[in-house]
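Peer 1: The structure follows.
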Amino acid sequence: LRDSLTLSGNYSGMTEESFVKLSHTLAGQTRSSIANVKEAFLGLISSGQFTEQSIAAVAKAVVTYSEIAGVTATEATQKLKGGLNGTAEGAKALNKEMNFLTLEQYKQVEALERAGKKQEAAQLVAVALNTKLEQQRRELGLLESAWNSLTKATSNYWDTFKSLLAGPTQSETMASLDKQIESIKQKL
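What the sequence shown shows, in the working numbering, is residues 879 to 1066, in sequence order.
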């Protein structure tokens, strides 16, 4: 994560804590594993195209697409990021393939891009795509949903197990050290 943030000049504006929080939130919203969501966020952060304003909606589209298409989050990110980059041209190309934008939405994307509001345009396109993908997910049926729930539960168990072995976060370590310092000061 640090490498991705550094190499992109932290264009996304995310911190480690916001990354973890958004990953857990999105995993709950999408029925996807935390690991899959983190993979999507890392791909989007590394691209240097998305800020905190649009990255959650874009990541949701990537994760949902990866689940429906049966591809990794990295593959989904590569496929979708050009169409979700906040440009009318990108939106048009993705819409040509996936047919999810109305003419009104497309015109709104064009207007936002002309106004220099690419992150708002990216968010608009991602929300429209998410709506279409959620509709497709409902149409897929119960068996796939049960399978996805099982794999998510297994992945979340494994992710939790790994985090328990990893030890405290930087913030937790710093808080603990602060308490120890205060304790020593009081004894003096």
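Built from N, CA and C at the ideal position, the CB exists for glycine as well.
Model, not experiment: these values are computed from the prediction.
Say whether the stretch 952 to 971 touches the stretch 1002 to 1022, bearing in mind that this needs 3 or more beta-carbon pairs closer than 8 Å, one atom from each stretch.
Peer 2: Yes, since at least three Cβ pairs between the stretch 952 to 971 and the stretch 1002 to 1022 fall closer than 8 Å, the two stretches touch.
Peer 1: Suppose the cutoff is 8 Å on Cβ atoms and the five residues either side in sequence are ignored; what does the same chain contact list for A935 look like?
Peer 2: Numbered from its first residue, the sequence shown carries residue 935 at position 57. Within the same chain, A935 has close Cβ partners A1000, Q1001, A1004, V1005, N1008.
Peer 1: Just the Cα atoms here: how many angstroms apart are E1060 and M1052?
Peer 2: For the purposes of this step, residue 1060 is taken as residue 182 along the sequence shown, with counting starting at 1. For the purposes of this step, residue 1052 is taken as residue 174 along the sequence shown, with counting starting at 1. Taking the straight line joining both Cα atoms gives about 12 Å.
Peer 1: I need the straight-line Cα distance from K974 to G906, nearest angstrom please.
Peer 2: In the sequence shown, residue 974 corresponds to position 96, counting from 1. In the sequence shown, residue 906 corresponds to position 28, counting from 1. Those two C-alpha atoms are separated by around 30 Å.
Peer 1: Can you grab the Cα-Cα spacing for the pair F978 / A971, in whole Å?
Peer 2: Here the question's residue 978 lines up with position 100 in the sequence shown. Here the question's residue 971 lines up with position 93 in the sequence shown. Between F978 and A971, the C-alpha separation is close to 11 Å.
Peer 1: How should Y943 be labelled, buried or exposed, when 16 other C-beta atoms within 10 angstroms of its C-beta is the threshold for buried?
Peer 2: On the sequence shown, position 65 is the one that residue 943 refers to. Buried: at least 16 other Cβ atoms inside 10 Å.
Peer 1: When the distance is taken between beta carbons, is A947 closer than 8 Å to A918?
Peer 2: As a working mapping, residue 918 is identified with position 40 in the sequence shown. As a working mapping, residue 947 is identified with position 69 in the sequence shown. Their beta carbons are not under 8 Å apart, which means A918 does not touch A947 by this criterion.
Peer 1: Buried or exposed: which applies to L1028, given that a residue is buried once 16 or more other Cβ atoms fall within 10 Å of its Cβ?
Peer 2: Along the sequence shown, read from residue 1 onward, the residue named residue 1028 stands at position 150. Exposed.
Peer 1: If you drop the 5 nearest sequence neighbours on each side, which residues of the same chain put their C-beta closer than 7 Å to that of L1042?
Peer 2: Counting from one through the sequence shown, the residue named residue 1042 turns up at place 164. No residues qualify anywhere along the chain.
Peer 1: Determine, using beta carbons only, whether K1030 and R909 come nearer to each other than 8 Å.
Peer 2: For the purposes of this step, residue 1030 is identified with residue 152 of the sequence shown, where counting begins at 1. For the purposes of this step, residue 909 is identified with residue 31 of the sequence shown, where counting begins at 1. Taking 8 Å as the Cβ cut-off, K1030 and R909 qualify as a contacting pair.
Peer 1: When DSSP labels each residue in this structure, what does L885 get in the three-state scheme?
Peer 2: Within the sequence shown, the letter at position 7 stands for residue 885. Because the pLDDT of L885 is 46, which lies under 50, any placement of that residue in the model is unreliable, and the question is left without a value.
Peer 1: Counting only the same chain and skipping the five closest in sequence on each side, list residues whose C-beta sits under 6 Å from that of A954.
Peer 2: Residue 954 sits at position 76 when you count from the first residue of the sequence shown. Result list for A954: V940, Y943, S944, in chain order.
Peer 1: Enumerate, from N- to C-terminal direction, the unbroken alpha helix (DSSP H) stretches of 4 or more residues contained entirely within the stretch 941 to 1008.
Peer 2: Within the stretch 941 to 1008, the complete alpha helix (DSSP H) runs of at least 4 residues are 951 to 958, 966 to 976, 981 to 992.
Peer 1: What three-state label does DSSP hand F928 in the structure shown?
Peer 2: The residue given as residue 928 occupies position 50 in the sequence shown. Residue state, collapsed to three classes: coil.
Peer 1: With a cut-off of 8 Å on the beta carbons, I'd call I912 and N1026 a contact; round off their distance for me.
Peer 2: Taking the first residue of the sequence shown as 1, we reach residue 912 at position 34. Taking the first residue of the sequence shown as 1, we reach residue 1026 at position 148. That belief does not hold up - the Cβ atoms of I912 and N1026 are roughly 14 Å apart, past 8 Å.
Peer 1: Considering only their Cβ atoms, is the gap separating N914 from A951 smaller than 8 Å?
Peer 2: Here residue 951 is taken as the residue at index 73 of the sequence shown, counted from 1. Here residue 914 is taken as the residue at index 36 of the sequence shown, counted from 1. Contact flag set, yes.
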